[in-house]
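Engineer:
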Amino acid sequence: MFFLDKDYYRKQPILSFVSHSIISLINLNPDWNVTVYNDTMIDRVIQKAGEVGIISKEEVDVLIGVEGEEGGQKQTAHIVERSDIARLLLMYTEGGIYLDVDRLVSKKFADFITQSTRLCLPTHFDINFAQDIMCSSRGNEMFQSIIQRASKIRMESERRKGWIKVGVLFDMGPSVYNSQILMNVFGMDSEAYHRHRDKAFFAQARDAIAASQGTIITKLESNYCNDTLVLDDSFPVCPPREELYDRYGMTPWDEEVNALWESEPK
Numbered sequence: 229m230f231f232l233d234k235d236y237y238r239k240q241p242i243l244s245f246v247s248h249s250i251i252s253l254i255n256l257n258p259d260w261n262v263t264v265y266n267d268t269m270i271d272r273v274i275q276k277a278g279e280v281g282i283i284s285k286e287e288v289d290v291l292i293g294v295e296g297e298e299g300g301q302k303q304t305a306h307i308v309e310r311s312d313i314a315r316l317l318l319m320y321t322e323g324g325i326y327l328d329v330d331r332l333v334s335k336k337f338a339d340f341i342t343q344s345t346r347l348c349l350p351t352h353f354d355i356n357f358a359q360d361i362m363c364s365s366r367g368n369e370m371f372q373s374i375i376q377r378a379s380k381i382r383m384e385s386e387r388r389k390g391w392i393k394v395g396v397l398f399d400m401g402p403s404v405y406n407s408q409i410l411m412n413v414f415g416m417d418s419e420a421y422h423r424h425r426d427k428a429f430f431a432q433a434r435d436a437i438a439a440s441q442g443t444i445i446t447k448l449e450s451n452y453c454n455d456t457l458v459l460d461d462s463f464p465v466c467p468p469r470e471e472l473y474d475r476y477g478m479t480p481w482d483e484e485v486n487a488l489w490e491s492e493p494k
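What follows is the structure in structure tokens.
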């Protein structure tokens, strides 16, 4: 998860949503090491990847910035861009399970993760493979290919005050993630990817994944409050996420990026 340190939650009045998401995740999985990443920790993941050569040092500078001349403020990429690449790097270098902070949790990981599980590929409706929940064994070459493709786009793109355009951010996120899954798991090139983005394909993809007998696991996810990979269908009342967003100042990132691009000259 990418948010404030988990100890912070224990010291705050617990919001209904928080108690059913991160606190529930921690309590249900005492044998798992749950790490909640703040901005500094995210930047350290990126920096370490540059040190070992997974991404270039030039890309590290683009993402986390370099100190300006005479102590000027450094320009960093938007936190969405940094957290997007950090979660991919963590999946590749460490493996494990990643969840967005606003995912409700009522299942133990042991309910769906087995000794043979190597990859999670739940789908967001029948639209694409979901990115707000990931799991993988360490060293998965599919994640390496996603990182490399996103890096190529990143290093060829224009920025203003360190921030890239919304459309490019989306391309490096869902578009690259899905195209590389289809290429690595299903053997489809980019043209086939666009041809097969329909309901029939994703239903067939889930059936094919189910035949892996747990090596790859999947789930049709249609709503954060419905039956999902980490949430059973007996969940009583769906707490509103807006309460969480308001408390911690979480705002739509696309509006923020668009506003900067509209206000800054070329």
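Per the numbering used here, the sequence shown starts with residue 229, numbered consecutively. Ideal placement from N, C-alpha and C gives every residue a C-beta, glycine not left out. Predicted, not measured: the structure shown is a model, and the values here were computed from it.
Could you name each continuous alpha helix (DSSP H) segment of 4 residues or more that falls completely within the stretch 338-388, going from the start of the chain to the end?
Structural biologist: List check, alpha helix (DSSP H) in window: 369-383.
Engineer: Around the C-beta of arginine 475, are 16 or more other C-beta atoms found within 10 angstroms, so that it is buried, or is it exposed?
Structural biologist: Label assigned to arginine 475: exposed.
Engineer: How close, in whole Å, do the beta carbons of threonine 345 and threonine 443 come, if the pair is a contact with beta carbons under 8 Å?
Structural biologist: Indeed, because the Cβ distance is near 7 Å, the residues count as touching under 8 Å.
Engineer: I'd like the ranges of any alpha helix (DSSP H) spanning at least 4 consecutive residues and lying wholly in the stretch 447-475.
Structural biologist: Taking only runs of at least 4 residues, the alpha helix (DSSP H) segments lying wholly in the stretch 447-475 are 470-475.
Engineer: Rounded to whole angstroms, what is the Cα-Cα separation between phenylalanine 430 and glutamate 449?
Structural biologist: Cα to Cα, the separation comes out at about 12 Å.
Engineer: In this structure, how does DSSP classify leucine 327 when only helix, strand and coil are distinguished?
Structural biologist: It is a strand residue.
Engineer: Relative to the C-alpha of arginine 261, which residue among Ile270, Asp399, Phe463, Tyr326 is closest?
Structural biologist: Note that residue 261 is asparagine in the sequence shown, not arginine. Looking at the Cα atoms, Tyr326 is the closest of the given residues.
Engineer: Secondary structure at isoleucine 282, three-state DSSP: helix, strand or coil?
Structural biologist: It is coil, neither helix nor strand.
Engineer: Determine, using beta-carbon pairs with one atom in the stretch 356-373 and one in the stretch 412-421, whether at least three such pairs fall under 8 Å.
Structural biologist: Cβ pair count under 8 Å is three or more, so yes.
Engineer: Would you kindly work out how many angstroms separate the C-alpha atoms of threonine 342 and glycine 390, rounded to a whole number?
Structural biologist: If I take the Cα positions, the gap works out to 42 Å.
Engineer: Should valine 273 go down as buried or exposed, given a rule of 16 or more other Cβ atoms within 10 Å for buried?
Structural biologist: So valine 273 counts as buried.
Engineer: Would threonine 446 and leucine 349 be called neighbours here (beta carbons separated by less than 7 Å)?
Structural biologist: Result yes, Cβ atoms of threonine 446 and leucine 349 sit closer than 7 Å.
Engineer: Apply the 10 Å Cβ neighbour rule to phenylalanine 245 and answer buried if 16 or more other Cβ atoms are within range, or exposed otherwise.
Structural biologist: When all chains shown are included, phenylalanine 245 counts as buried.
Engineer: Could you please give me the residues that DSSP links to tryptophan 391 through a beta bridge?
Structural biologist: Partner(s): Arg388.
Engineer: May I ask you to list the residues that DSSP assigns as paired with isoleucine 444?
Structural biologist: Its beta-bridge partners are Leu347.
Engineer: If distances are taken between C-alpha atoms only, which option among Cys363, Phe353, Arg382 comes closest to tyrosine 320?
Structural biologist: Of the listed residues, the one whose Cα sits closest to tyrosine 320 is Cys363.
Engineer: Can you give me the C-alpha to C-alpha distance between aspartate 461 and tyrosine 452, rounded to a whole angstrom?
Structural biologist: In a straight line, the C-alpha of aspartate 461 is about 11 Å away from that of tyrosine 452.
Engineer: Answer with buried or exposed for serine 491, where buried requires no fewer than 16 other C-beta atoms within 10 angstroms of its C-beta.
Structural biologist: Flag for serine 491 reads exposed.
Engineer: I need the straight-line Cα distance from serine 385 to valine 404, nearest angstrom please.
Structural biologist: If I take the Cα positions, the gap works out to 15 Å.
Engineer: Tell me which same chain residues have a C-beta within less than 7 Å of the C-beta of glutamate 297, skipping the five on either side of it?
Structural biologist: With a pLDDT of 48 at glutamate 297, under the threshold of 50, the modelled position of this residue cannot be trusted; read the value that follows with caution. If we look at glutamate 297 and ignore the five residues flanking it on each side, it has no Cβ neighbours.
Engineer: I think asparagine 257 touches phenylalanine 337, with their Cβ atoms under 8 Å apart; what is that distance to the nearest whole Å?
Structural biologist: Their Cβ separation, rounded to whole angstroms, is 5 Å, which keeps asparagine 257 and phenylalanine 337 in contact under 8 Å.
Engineer: Just reading off the alpha helix (DSSP H) that tyrosine 320 is part of, what are its end residues?
Structural biologist: Residues 307-321.
Engineer: Evaluate aspartate 271 with the Cβ neighbour count: other Cβ atoms within 10 Å of its Cβ, from every protein chain shown; 16 or more gives buried, anything less gives exposed.
Structural biologist: Aspartate 271 comes out buried.
Engineer: Just confirm the distance between the C-beta atoms of isoleucine 361 and leucine 457, as a whole number of angstroms; I'd bet it's less than 8 Å.
Structural biologist: Correct: roughly 6 Å between the Cβ atoms.
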